[in-house]
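Visitor: Just so you know, we're using the working numbering here: the sequence shown kicks off at 10 and counts up by one. Okay, handing you the structure first.
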Amino acid sequence: MGVKFKDIVSPQDINLKDLEGRTVAIDAYNTLYQFLSGIRQRDGSPLMDANGNVTSHLSGLLYRTASIVDKGIKPVYVFDGDVSQYKTKTVEKRRALREEANQKYEEAKAAGNIEEARKYAIRSSRLSPYIIESSKALLEYMGVPFVQAKGEGEAQGAYMVNQGDAWAVASQDYDCLLFGAPRILRNLTLSGGLSNLEYLELDKVLEDLDLTREQLVDVALMVGTDFNDGIHGIGAKTGIKLIKKASLEDVLVEKGITDVPVDPDELRNIFLKHDVNTDYKIKFKSVNNEKLVEFMCEEHGFSQSRVLNVADKLKKLNSTQKSLEDWF
Numbered sequence: 010m011g012v013k014f015k016d017i018v019s020p021q022d023i024n025l026k027d028l029e030g031r032t033v034a035i036d037a038y039n040t041l042y043q044f045l046s047g048i049r050q051r052d053g054s055p056l057m058d059a060n061g062n063v064t065s066h067l068s069g070l071l072y073r074t075a076s077i078v079d080k081g082i083k084p085v086y087v088f089d090g091d092v093s094q095y096k097t098k099t100v101e102k103r104r105a106l107r108e109e110a111n112q113k114y115e116e117a118k119a120a121g122n123i124e125e126a127r128k129y130a131i132r133s134s135r136l137s138p139y140i141i142e143s144s145k146a147l148l149e150y151m152g153v154p155f156v157q158a159k160g161e162g163e164a165q166g167a168y169m170v171n172q173g174d175a176w177a178v179a180s181q182d183y184d185c186l187l188f189g190a191p192r193i194l195r196n197l198t199l200s201g202g203l204s205n206l207e208y209l210e211l212d213k214v215l216e217d218l219d220l221t222r223e224q225l226v227d228v229a230l231m232v233g234t235d236f237n238d239g240i241h242g243i244g245a246k247t248g249i250k251l252i253k254k255a256s257l258e259d260v261l262v263e264k265g266i267t268d269v270p271v272d273p274d275e276l277r278n279i280f281l282k283h284d285v286n287t288d289y290k291i292k293f294k295s296v297n298n299e300k301l302v303e304f305m306c307e308e309h310g311f312s313q314s315r316v317l318n319v320a321d322k323l324k325k326l327n328s329t330q331k332s333l334e335d336w337f
């Protein structure tokens, strides 16, 4: 979900041609949730193979990745690691909402209310160990690299961009700004036309808001993040006005909030000093046609002709690569 910053940021125009030859660090969990929520049958049921295994994520990952590569973009998927102790409350809340949605989905489905069933089915999506591991297996056979983060995938992606190993982070979450990602892409779906693609530059966002990154983090802590509840009644615009006049600690005192469950500095460090994986390697490999067909067609019932068509598109991953100097 991330922090609610939509009302205070102004995305820049960008074209898919601008991304040609560039490596993009894609938020894997964010993307897989999109597939699990959006790729479903008419009654809301996920796509499944003959053995009852969910395949919505495999379908989305296979075809979207192929489309991204076909546009000359080099994707690297970044998977979340351990969940922060401060995120436990958020995780539990989301789990409860999914369970409630699943119950309502089953009730609507039993009542024959297809439209209502689909609405609740979308909200019940969850990432199981099977979803995650099968996604990694598919990427391996496709020759597409992935990186395992120690903690938050957005923080890992931000680190990779700052290291020059990727040009931008692709995620729907504005948290990427807080983690220090210099460049962020939103709506890299290739399904809704170029007008949906959004581009954010951290430096420009900070300049437009007349804030430092540290101040932006404090605004987020007032609004509420996945790691804290925020201050009741404070949205992003109000938070900006307050942080320009006083510190977060001063605002807490002004609001009469003395019982703070977590030291603000600990919350700040989640975004400013996040522990990341520095021992990763990014290597684009040739697609393994035999393994890809075996996995997708023989195990999960996908069309062999369509899978092989994807394999042809993936050959672009090993075409002549631009140097890092050409990317900027």
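Ideal Cβ placement from N, Cα and C applies to all residues, glycine included. All values reported here derive from a predicted model rather than from experimental measurement.
Can you say whether Asn39 is buried or exposed, counting buried as having 16 or more other CB atoms within 10 angstroms of its CB?
Guide: buried
Visitor: Note the first and the last residue of the continuous alpha helix (DSSP H) segment covering Ile77.
Guide: Ile77 -> alpha helix (DSSP H) spans Ser65 to Asp79.
Visitor: Let's see if you can read the secondary structure: which residues bound the alpha helix (DSSP H) around Arg195?
Guide: Looking at the DSSP string, Arg195 is not in any alpha helix (DSSP H); the run it does join, the beta strand (DSSP E), is Arg192 to Arg195.
Visitor: Can you round the beta-carbon distance between Phe88 and His66 to whole angstroms, since I take them to be within the 8 Å contact cut?
Guide: Wrong, their Cβ atoms sit about 13 Å apart, outside the cutoff.
Visitor: Beta carbon of Ser180, beta carbon of Asp36: below 8 Å?
Guide: yes
Visitor: For Asp284, which of Glu275, Val33 and Ile291 has the nearest alpha-carbon?
Guide: Glu275
Visitor: Provide the residue(s) that pair with Asn237 in DSSP beta bridges, ordered along the chain.
Guide: Beta-bridge pairing links Asn237 to Thr234.
Visitor: Kindly indicate which residue of Gln50, His309 and Ile291 has the alpha-carbon position closest to the one of Leu326.
Guide: The shortest C-alpha separation from Leu326 is found at Ile291.
Visitor: Inspect the beta-carbon positions of Gly53 and Arg127 and report whether they are closer than 8 Å.
Guide: Taking 8 Å as the Cβ cut-off, Gly53 and Arg127 qualify as a contacting pair.
Visitor: Hey, how far is the Cα of Arg31 from the Cα of Ile249?
Guide: 34 Å
Visitor: Measuring only the C-alpha atoms, how far is Ile140 from Glu149?
Guide: Rounded to the nearest whole angstrom, the C-alpha separation of Ile140 and Glu149 is 14 Å.
Visitor: From which residue to which residue does the beta strand (DSSP E) around Ser36 run?
Guide: Here residue 36 is Asp; the residue named in the question, Ser, does not match the sequence. Segment Thr32 to Asp36, the beta strand (DSSP E) holding Asp36.
Visitor: Sort Glu161, Pro154, Leu301 and Ile123 by Cα distance to Ser93 and report the nearest one.
Guide: Glu161
Visitor: Please report the Cβ distance between Pro154 and Val85, rounded to the nearest whole angstrom; I am assuming they are in contact, meaning their Cβ atoms lie under 8 Å.
Guide: 5 Å
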